[in-house]
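**Q**
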Amino acid sequence: MDKTSVLQEARVFNETPVNVKRSTHVLTKILYLLNQGESLATKEATDAFFAMTKLFQSNDLELCAVAEDTIIVTSSLTKDMTGREDQYRAPAIRALCRITDVCHHDAIERYMKQAIVDRAPGVSSAALVSCRHIMKDSPDVVKRWVSEVQEALSSDCVMVQFHALGVLHQIRKSDKLAVTKMVSKLTSSSLRSPYAICLLIRIVARLIEEDEAGADSRLFDFLESMLRHKAEMVIYEAANAIVTLRKSSARDLAPAISVLQLFLSSPKPTLRFAAVRTLSKVAMTQPNAVTACNLDLENLIQDVNRSIATLAITTLLKTGSEGSVDRLMKSISSFLNDISDEFKIVVVEALRALALKYPRKQAVLMGQLADMLRSEGGLPYKEAIASTIITIIEDNPEAKEKGLDHLCEFIEDCEHTTLAVRIIHLLGREGPRTRQPARYIRFVYNRVILENAAVRAAAVSVLAKFGAQCDSLLNNILVLLQRCMMDTEDEVRDRATYYHAVLATRDSSLINQYILNPPQFALPSLERALVQYLRNDTSGPFDTHTVPTAPPPQEEKTSNIMEPAPRPEERIIPTHEKYAEMLSAIPQFVHLGPLFKSSVPLELTEAETEYMVRCIKHTFQNHIVLQFDCTNTLNDQLLERVSVVVEGDGWDVEVSLPCPSLPYSQLGSCYALLPIPEDIMATTGTLSATLKFKVRDCDPVTGEPDTDEGYEDDYTLEDVEITVVDHVQRAARSNFAAGWEELGATNELEDTFALSAMSTLEEAVTQITQFLGMHPCDRSDRIPEGKSAHTLYLAGKDYKFSRIVN
1 MDKTSVLQEA
11 RVFNETPVNV
21 KRSTHVLTKI
31 LYLLNQGESL
41 ATKEATDAFF
51 AMTKLFQSND
61 LELCAVAEDT
71 IIVTSSLTKD
81 MTGREDQYRA
91 PAIRALCRIT
101 DVCHHDAIER
111 YMKQAIVDRA
121 PGVSSAALVS
131 CRHIMKDSPD
141 VVKRWVSEVQ
151 EALSSDCVMV
161 QFHALGVLHQ
171 IRKSDKLAVT
181 KMVSKLTSSS
191 LRSPYAICLL
201 IRIVARLIEE
211 DEAGADSRLF
221 DFLESMLRHK
231 AEMVIYEAAN
241 AIVTLRKSSA
251 RDLAPAISVL
261 QLFLSSPKPT
271 LRFAAVRTLS
281 KVAMTQPNAV
291 TACNLDLENL
301 IQDVNRSIAT
311 LAITTLLKTG
321 SEGSVDRLMK
331 SISSFLNDIS
341 DEFKIVVVEA
351 LRALALKYPR
361 KQAVLMGQLA
371 DMLRSEGGLP
381 YKEAIASTII
391 TIIEDNPEAK
401 EKGLDHLCEF
411 IEDCEHTTLA
421 VRIIHLLGRE
431 GPRTRQPARY
441 IRFVYNRVIL
451 ENAAVRAAAV
461 SVLAKFGAQC
471 DSLLNNILVL
481 LQRCMMDTED
491 EVRDRATYYH
501 AVLATRDSSL
511 INQYILNPPQ
521 FALPSLERAL
531 VQYLRNDTSG
541 PFDTHTVPTA
551 PPPQEEKTSN
561 IMEPAPRPEE
571 RIIPTHEKYA
581 EMLSAIPQFV
591 HLGPLFKSSV
601 PLELTEAETE
611 YMVRCIKHTF
621 QNHIVLQFDC
631 TNTLNDQLLE
641 RVSVVVEGDG
651 WDVEVSLPCP
661 SLPYSQLGSC
671 YALLPIPEDI
681 MATTGTLSAT
691 LKFKVRDCDP
701 VTGEPDTDEG
711 YEDDYTLEDV
721 EITVVDHVQR
731 AARSNFAAGW
741 EELGATNELE
751 DTFALSAMST
761 LEEAVTQITQ
771 FLGMHPCDRS
781 DRIPEGKSAH
791 TLYLAGKDYK
801 FSRIVN
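So the sequence shown is numbered by UniProt numbering: it starts at 1 and just counts up by one.
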């Protein structure tokens, strides 16, 4: 469809008499073009508008936003708005409120007040909905219409009552006392509209959450009373509100669960879907409360609606007992053939949770997963299954060999390169630690013969790991690597040559350093260090110890549809390289060398204070740079020569860089450079911090200073703590035992410490890991159930860039 030809067709609007059918068709074409991203020039839009003035029933909102000289249209809409034809009045109100400027809202106030209380429900609803849109730009104007909105709230029309309550809540939502009074009045009266009651239930639930009121509150009694309402939508809304309250106990949930259980057997698919979806959410936090519904949920597995059946089976997997696992597996086998991959992934995630909940049933579950792995499906589905099997392997050492056998069988016919590479690397990590590591060599070497270059390269690396950890297999591995040197792909040949050369030395130190725990450099940092090395004297060798290691990858967490999406306004923390680039541009910090580590921002002031300051600690080889990000929240002050004075025992400030000027609501940074003490026991401490600045009063609107003079002032900040975590960088050790032996007994220290304010092993592991800033190795941060003692393996790199600390 061409824009020019459509605009030429718009001449039909000028015909006499107007051909309504053709005109409507052309309008549809124009709207289609706009929805496809086509834009109209101002003259094109204006000409089209003048041509459409005979089509008073037109509600072309998109054109109104770009056309000029639209007074004739607004006049026409005003005429329609106050006319006698109800079918024109409601669209005219919506269109007029959409195109009217903020400065003209007062001009239509009289018409809007009349429309809100109009006897025609369509007109009244259109006016109320338009009020919600006007509220975004002119809240004060709409607040003057409260009496009319309250009158509309008593309307006999269910939609008018619903829209009136929405407008009334939007007007008062910033005043908690006014909302409470409104809710108190409405809960004691009887609203006719089920839509309005549903909205009132949501408002009441929000008030309960904000006030942290319990089940004994009057508002909670109102929610329970709505469970006996005659309208099904109200009953469901009340039940959903009760089960989603954060502090509801199992006893409080019982009435709502009973109502949802009745909905499970409803002949209406919408009610069955709503009930099973809500019960699925409850099962995530309080599975015992949903157990009473298991029989009804099992009846839904064969529901003709596959969405309902999927939610039913996943809810059963969350709430079922250990004895019901076998029966559920039989139901799943016949169920999976009729659903799409998207629903299958939901089932797989539920199987993962069930496997972690009942370790003794992992063999049955793994067999089911293996059958699913061999069935038809796309890459996301197969990845979900493989991830679940890997989780079971990592959680239960007894299931390791069985799980590896299933994965080895799968990669024989795997069509997905990324998944094959992942499984091969898993074999390289877990295979050498099994009782018979030689049985996996065949599966790995088959990949060298049969697969593409990416899989072959991964297989070569895994063969080297077997040779590095299994002395009995080393000679055979060297022969296989020698064969791989004849590969057609240079990446495969280079890896084979490299690993063969390292393994042939039979030097355990070299093997540990370059195969089992190879250096993991941050590539941008390595590039920066190499460029800097080439710019200086290159007579000496390049020192890799000056290059920061890449942080180990964070473990992926299973996504949850119940978790809120991250808010767009959340501040994104800069990466290591952005900090390094920023600091290297400051002349006073050029000589510090490569940046070792940057901390997370530490708030030094309370929220909503006149000055906001946060500190970021940057650790170098011999220095620490304290970066203070400051924000002035006073619009009548201009701050100049802003600096932060820090003092602490054993710490001296070598360089202090102030911020020249700090206008209102703008971020400015000042810095303090501190040498790290030579004594390792003195590298931690607490520094007092004071914000010092010169204040100049200024105009709140323009920001211009009133005078050239000012006065000195200061502001006390929270203390800055330099702890162990500031001197240690997380380091990955794929083979902790080899790394530990590599350090030797001379670097080993042993001591006993007491843990305070820690009630569980999980809490102790978390706090120790956070305090030391090191990375858990060999999945030692996972604590099996029932253990009273645990060994935690951590690895990190100290600030001197010289050694890995285990």
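Ideal Cβ positions, reconstructed from N, Cα and C, are used throughout, including at glycine.
Using three-state DSSP, classify Thr4 as helix, strand or coil.
**A** helix
**Q** Provide the residue span of the beta strand (DSSP E) that contains Pro675, from first to last.
**A** Leu667 to Pro675
**Q** From Leu351, Met366, Leu404 and Ser340, pick the residue whose C-alpha is nearest to that of Gly378; which is it?
**A** Ser340
**Q** Could you spell out the range, first to last residue, of the beta strand (DSSP E) harbouring Ala689?
**A** Counting along the chain, the unbroken beta strand (DSSP E) around Ala689 starts and ends at Gly685 to Asp697.
**Q** From this set, Ser669, Gln627, Leu626 and Thr619, which residue's C-alpha is nearest Arg641's C-alpha?
**A** Ser669
**Q** Out of curiosity, what's the CA-to-CA distance linking Asp649 and Arg733?
**A** 36 angstroms
**Q** Considering Gly648, what are the terminal residues of the alpha helix (DSSP H) in which it resides?
**A** Per DSSP, Gly648 lies in no alpha helix (DSSP H) segment and is marked neither H nor E.
**Q** Could you give the first and the last residue of the continuous alpha helix (DSSP H) run that contains Pro380?
**A** Leu379 to Asp395
**Q** Provide the residue(s) that pair with Ile614 in DSSP beta bridges, ordered along the chain.
**A** Here residue 614 turns out to be Arg, not Ile, going by the sequence shown. DSSP output for Arg614 lists Glu603 and Asp629 as bridge partner(s).
**Q** May I have the straight-line CA-CA distance separating Ala438 from Lys402, to the nearest angstrom?
**A** 15 angstroms
**Q** Please classify Pro564: is it buried, with 16 or more other beta-carbons within 10 angstroms of its beta-carbon, or exposed?
**A** Bear in mind that a pLDDT of 38 at Pro564, under 50, signals an unreliable position, so the model cannot answer this.
**Q** Can you tell which of Leu264, Asp211, Ile308 and Ile624 has its C-alpha closest to the C-alpha of Phe725?
**A** Residue identity check: residue 725 is Val in the sequence provided, not Phe. Of the listed residues, the one whose Cα sits closest to Val725 is Ile624.
**Q** Are Leu638 and Gly703 close, meaning C-beta to C-beta below 8 angstroms?
**A** yes
**Q** Figure out for me which residue from Glu712, Leu253 and Asp47 has the closest Cα to the Cα of Asn288.
**A** It is Leu253.
**Q** Measure from the alpha carbon of Pro380 to the alpha carbon of each residue in Leu602, Glu342, Leu200 and Glu237, then state which is nearest.
**A** Glu342
**Q** For the ligand COA, I want to know if Arg119 counts as a neighbour, meaning its beta carbon is within less than 7 angstroms of at least one of the ligand's heavy atoms.
**A** With respect to the ligand COA, the structure shown offers nothing to examine, as it has no ligands at all.
**Q** Mind checking Pro548: buried by the 16 CB within 10 Å criterion, or exposed?
**A** buried
**Q** What number of angstroms, rounded off, separates the C-alpha of Asp118 from the C-alpha of Arg98?
**A** 20 angstroms
**Q** Apart from the five residues on each side of it in sequence, which residues of its chain come closer than 7 angstroms, Cβ to Cβ, to Ala468?
**A** Once the five neighbours on either side are set aside, the close Cβ partners of Ala468 are Leu503, Ile511, Ile515 and Leu516.
**Q** For Cys198, report the span of its alpha helix (DSSP H) as first-last.
**A** Pro194 to Asp211
**Q** Note the first and the last residue of the continuous beta strand (DSSP E) segment covering Leu342.
**A** Contrary to the premise, residue 342 reads as Glu rather than Leu in this sequence. Segment Asp341 to Lys357 is the alpha helix (DSSP H) holding Glu342; no beta strand (DSSP E) there.
**Q** Mark Val590 as exposed unless 16 or more other C-beta atoms lie within 10 angstroms of its C-beta, in which case mark it buried.
**A** exposed
**Q** Take the Cβ of Met366 as the centre, count every other Cβ of all protein chains shown within 10 Å, and call the residue buried at 16 or more, exposed below.
**A** Taking all protein chains in view, the Cβ of Met366 is crowded by 16 or more other Cβ atoms within 10 Å, so the residue is classified as buried.
**Q** Quick check on this structure: which residue in Tyr440, Asp751 and Thr769 has the alpha carbon closest to the alpha carbon of Leu473?
**A** Tyr440
**Q** Would you mind reading off the limits of the alpha helix (DSSP H) that contains Gly367?
**A** Gln362 to Arg374
**Q** Going by DSSP, what residue range makes up the beta strand (DSSP E) through Thr716?
**A** Tyr711 to Thr716
**Q** Skipping 5 residues on each side, what residues in its chain have a beta carbon closer than 7 angstroms to that of Glu762?
**A** Ile783
**Q** Near Ile572, what residues of its chain come up, given a Cβ to Cβ distance below 7 angstroms and the 5 sequence neighbours on each side ignored?
**A** At Ile572, the pLDDT of 42 sits below 50, so the modelled position is not reliable; the number obtained from the coordinates is stated separately. For Ile572, where only same-chain residues beyond five positions count, there are no Cβ hits under 7 angstroms.
**Q** Whose C-alpha, out of Asp636, Gly685, Leu687 and Glu647, is nearest the C-alpha of Tyr664?
**A** The shortest C-alpha separation from Tyr664 is found at Asp636.
**Q** For Thr488, count neighbouring Cβ atoms within 10 angstroms of its own Cβ and tell me buried if that reaches 16, exposed if not.
**A** exposed
**Q** Which residues mark the beginning and the end of the beta strand (DSSP E) in which Ala795 is found?
**A** Leu794 to Asp798
**Q** What did DSSP end up calling Ile572 once you bin it into helix, strand or coil?
**A** Confidence at Ile572 is low in this model, with a pLDDT of 42, below 50, so its placement is unreliable and no value can be given for it.
**Q** According to DSSP, simplified to helix, strand and coil, what is Glu401?
**A** helix
**Q** Using 8 angstroms as the Cβ pair cut-off and three pairs as the minimum, do the segment 312 to 321 and the segment 240 to 260 touch?
**A** Touching, no.
**Q** Please report the residue range of the beta strand (DSSP E) in which Arg782 lies.
**A** From DSSP, Arg782 is part of no beta strand (DSSP E); its letter is neither H nor E.
**Q** Assuming contact is defined by CB atoms lying nearer than 8 angstroms, are Leu207 and Val179 in contact in what I supplied?
**A** yes
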